[in-house]
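Novice: Protein chains in written order, with my numbering: chain A, 237 to 363; chain B, 553 to 774.
Idealized CB from N, CA, C, for every residue including glycine.
In this text the structure is predicted, and so the values were computed from the model without any measurement.
Handing you this structure, nothing more for now.
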Amino acid sequence: MHEFAIAEGLVKIAQEELRKLGDPPPKPLAVHIAAGALNQIVKESLDLAFETLTADTPLAGACLVLRLIPAGGVCAKCGWEGSFPKPPFFCPKCESARVTLTSGRELYLESLEIEDVLTVDQTGSVL
Amino acid sequence: MSAHTIKVYRDILERDADWARRTRELAAPHRVTMINLIGSPGCGKTRLLEAAAVALKQEYRFSVLEGDVETTHDAERLAALGVPVAQLLTGGGCHLSAQMVHLAFKELPLDALDLVVVENVGNLMCPACFDIGEDAKIALLSVTEGEDKPVKYPLLFQQAKAVIITKTDLLPHLIFDLERCLRYIREVNADVPVFALSASTGEGLDAWLAWLRNFRAVTRPA
Numbered sequence: 237m238h239e240f241a242i243a244e245g246l247v248k249i250a251q252e253e254l255r256k257l258g259d260p261p262p263k264p265l266a267v268h269i270a271a272g273a274l275n276q277i278v279k280e281s282l283d284l285a286f287e288t289l290t291a292d293t294p295l296a297g298a299c300l301v302l303r304l305i306p307a308g309g310v311c312a313k314c315g316w317e318g319s320f321p322k323p324p325f326f327c328p329k330c331e332s333a334r335v336t337l338t339s340g341r342e343l344y345l346e347s348l349e350i351e352d353v354l355t356v357d358q359t360g361s362v363l
Numbered sequence: 553m554s555a556h557t558i559k560v561y562r563d564i565l566e567r568d569a570d571w572a573r574r575t576r577e578l579a580a581p582h583r584v585t586m587i588n589l590i591g592s593p594g595c596g597k598t599r600l601l602e603a604a605a606v607a608l609k610q611e612y613r614f615s616v617l618e619g620d621v622e623t624t625h626d627a628e629r630l631a632a633l634g635v636p637v638a639q640l641l642t643g644g645g646c647h648l649s650a651q652m653v654h655l656a657f658k659e660l661p662l663d664a665l666d667l668v669v670v671e672n673v674g675n676l677m678c679p680a681c682f683d684i685g686e687d688a689k690i691a692l693l694s695v696t697e698g699e700d701k702p703v704k705y706p707l708l709f710q711q712a713k714a715v716i717i718t719k720t721d722l723l724p725h726l727i728f729d730l731e732r733c734l735r736y737i738r739e740v741n742a743d744v745p746v747f748a749l750s751a752s753t754g755e756g757l758d759a760w761l762a763w764l765r766n767f768r769a770v771t772r773p774a
C-alpha cells in the first residue's frame, strides 16, 4: 500500500497549488498525475486513498486521472531507444544487457482541471 | 460546462525527497554510511545483521534503525549483541518514511558511528518506492521465496546496489533454481553484485562483507 503515502504527497501539493489560484481555492474537476510503471501503482488503491484523504477539502469529488509512463531505456551497444512492457530490461534489437533505464520511475502532479466560473451581469448575460 | 487546465509538473514525493536530502546532509560531514536493507518478512534481514554485527564488531562502529510494523523483537535480538539500535514502529505502515528515518537518524551519536543500517519493514514493493536518504538499497531474497521475485518486483532489484540471496544452507531441501534466480536478477539489473550466503553457517558471508567494506571506502573515503 505505497499508494497511501503517494496519495498523501499528492493531496498536499495539489492543495498548495489550488491555494495559489484563489481564496477560497477553486474545486478541481480532475487531478492529472503521471506515474512510471515501475512504481507498480494499483489505481484502485490510489483512488481509495485519494478519496479518503480529500474528504472535506477542495479536492473532494475530483476525478484522479493517471497517465502511465512505461519503463523505457537506451541501449549503450546499438543505440536502440524504446520502452519495456515488462522485464527483461534487455535491448530487444541486439539483446544487450547494457541498457540504461531512462523512464519508469516518474511520479508527479501534471495538471489540475478547473471548472470555468461564469460571471453573470444583472441582465443575466455572461460577462 | 467549460474547464481550463492548470499545468503543474510537481514531484509528488518532494516532501520525502526533502527529508532524504536532510539525512544525507547530516551523514556526509560525520562520514556515516547508510544502507537500507529491503526484503520480504522472514527473509533473514535481522539474522544477516546479527552475523554482520559479530563479524564487523572490531572494524566499524555501527547502529541499526529497526523498522517494524509491530513488536520490538528484532531490536532486542540486535541489542543483545551490543549493537546500538533504535526501533521505528510504523503501526501498520508498509515502509519507513524518509521523515521517520531522519528523526531517528539525527538522534544517533553520529560522531561515534561509521555505518547505519536501516532494516526496512518486510516488504518487496513499498520500501523500494521511497528514498530515505540511504547511500544504497540492498535487496534480500531468501531461497524459500521463489526464484522469480526479481521480475515480480523489478523496482527493488533494479535499484539495489547489491542483492543478497539468503538461507543458502536450505538449498538441499528445496526446489529452488539458483541459476534461474540469478538470470532473473540480471534481467532487471545486469551489473548488480549478487551474494548467495547463509548467515547461519557463515558460508558466503565474507564476500558480502568485503563488498560492504569496499562500498564504505568508496562512499566515505578516509
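In the DSSP assignment, find the alpha helix (DSSP H) that holds residue 272 (chain A) and state where it starts and stops.
Specialist: Careful: residue 272 (chain A) lies outside any alpha helix (DSSP H), inside the beta strand (DSSP E) at 264 to 272.
Novice: If the cut-off is 8 Å on Cβ atoms, which residues from the segment 583 to 608 of chain B count as contacting chain A, listed in chain order?
Specialist: none
Novice: Starting from residue 281 (chain A), trace the alpha helix (DSSP H) in both directions and tell me its first and last residue.
Specialist: 279 to 290
Novice: Among residues of its own chain, excluding the 5 on either side of residue 720 (chain B), which ones have a beta-carbon nearer than 7 Å to its beta-carbon?
Specialist: 695, 748, 749, 750, 755, 756
Novice: Classify residue 774 (chain B) as buried or exposed, calling it buried when 16 or more other Cβ atoms lie within 10 Å of its own Cβ.
Specialist: exposed
Novice: For the segment 556 to 567 of chain B, which residues have a CB atom closer than 9 Å to at least one CB atom of chain A, in sequence order?
Specialist: 556, 557, 558, 559, 560, 561, 562, 563, 564, 565, 566, 567
Novice: State yes or no: is the beta carbon of residue 678 (chain B) nearer than 8 Å to at least one beta carbon in chain A?
Specialist: For residue 678 (chain B), the answer is yes, since a Cβ of chain A falls inside 8 Å of its Cβ.
Novice: Is it right to say residue 585 (chain B) is buried, meaning 16 or more other beta carbons lie within 10 angstroms of its own, or is it exposed?
Specialist: buried
Novice: Quick one: what's got a C-beta closer than 8 Å to residue 759 (chain B)'s C-beta in the same chain, skipping five residues either side?
Specialist: 747, 749
Novice: Can you give me the C-alpha to C-alpha distance between residue 680 (chain B) and residue 590 (chain B), rounded to a whole angstrom?
Specialist: 8 Å
Novice: How far does the beta strand (DSSP E) with residue 638 (chain B) in it reach, from first residue to last?
Specialist: 637 to 641
Novice: Does the segment 261 to 268 of chain A come close enough to the segment 333 to 350 of chain A that 3 or more CB-CB pairs lie under 8 Å?
Specialist: Contact holds: three or more Cβ-Cβ distances are below 8 Å.
Novice: Go ahead and label residue 664 (chain B) buried or exposed: buried means 16 or more other beta carbons lie within 10 angstroms of its beta carbon, across all protein chains shown.
Specialist: Note on residue 664 (chain B): under 16 other CB atoms within 10 angstroms of its CB, so exposed under the neighbour-count rule.
Novice: Based on the DSSP output, what are the partners of residue 315 (chain A) in its beta bridges?
Specialist: DSSP output for residue 315 (chain A) lists no bridge partner at all.
Novice: Would you say residue 306 (chain A) and residue 360 (chain A) are within 8 Å of each other, going by their C-beta atoms?
Specialist: no
Novice: Within the present structure, is the beta-carbon of residue 590 (chain B) separated from the nearest heavy atom of the ligand ATP by less than 7 Å?
Specialist: The ligand ATP is absent from the structure shown, which contains no ligands of any kind.
Novice: At a CB distance below 8 Å, what residues from the segment 707 to 720 of chain B approach chain A? Give them in sequence order.
Specialist: Those residues of the segment 707 to 720 of chain B that come within reach of chain A (Cβ to Cβ, closer than 8 Å) are 707, 710.
Novice: Going by the CB atoms, is the gap between residue 332 (chain A) and residue 326 (chain A) shorter than 8 Å?
Specialist: yes
Novice: Comparing the C-beta of residue 253 (chain A) with each C-beta of chain B, is any distance below 8 Å?
Specialist: yes
Novice: Step through the CB atoms of chain B and report whether any lies within less than 8 Å of the CB of residue 269 (chain A).
Specialist: yes
Novice: Determine, using beta carbons only, whether residue 733 (chain B) comes closer than 8 Å to chain A.
Specialist: no
Novice: Find the residues of chain C that neighbour residue 321 (chain A), judging by a C-beta separation of less than 9 Å, and give them in chain order.
Specialist: Any reference to chain C falls outside this structure, whose protein chains are A and B.
Novice: Check whether the Cβ atoms of residue 571 (chain B) and residue 631 (chain B) lie closer than 8 Å to each other.
Specialist: no
Novice: What is the DSSP secondary structure of residue 345 (chain A), reduced to helix, strand or coil?
Specialist: strand
Novice: In whole angstroms, what separates the C-alpha of residue 656 (chain B) from that of residue 629 (chain B)?
Specialist: 19 Å
Novice: Are the C-beta atoms of residue 305 (chain A) and some chain B residue less than 8 Å apart?
Specialist: no
Novice: Chain A beta carbons: is any one of them nearer than 8 Å to that of residue 653 (chain B)?
Specialist: no
Novice: Between residue 667 (chain B) and residue 612 (chain B), which are expected to be in contact by the criterion C-beta below 8 Å, what is the C-beta distance as a whole number of angstroms?
Specialist: With 8 Å as the limit, residue 667 (chain B) and residue 612 (chain B) qualify as a contact, their Cβ atoms being about 5 Å apart.
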